[in-house]
Amino acid sequence: MRCLKCRGFMMVERHYTLINRRIYARCLNCGFWIDLADLLRFFHKVIDSGSKGDKVRESFMF
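Start counting the sequence shown at -15; every next residue gets the next number (the working numbering).
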């Protein structure tokens, strides 16, 4: 997986807390990280609204 900022290598990490489990991808070069569950939810909304024929009005902030 390539970094969205510097095009470096991203490594997937799991973080466990008492409340939830999160999966992140973190760049080894610049330290940029992204929550993969949020990214998956974003693409699911885009695909769902596209299949209904609605305009895609979702945004994902990096």
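Virtual Cβ for every residue (Gly too), placed ideally from N, Cα, C. On a predicted model such as this, the values are computed, not experimentally measured, just so you know.
Each residue's CA atom was taken as its position, placing W17 and K29 some 21 Å apart. Comparing alpha-carbon positions, the option among L2, C11, R5 and I7 lying closest to G(-8) turns out to be C11.
Non-local beta-carbon contacts of H(-1) in its own chain, meaning distances under 6 Å to residues more than five positions away in sequence, involve R6 in chain order. About 7 Å separates the beta carbon of M(-6) from that of R(-14), a gap short enough to meet the 8 Å contact definition.
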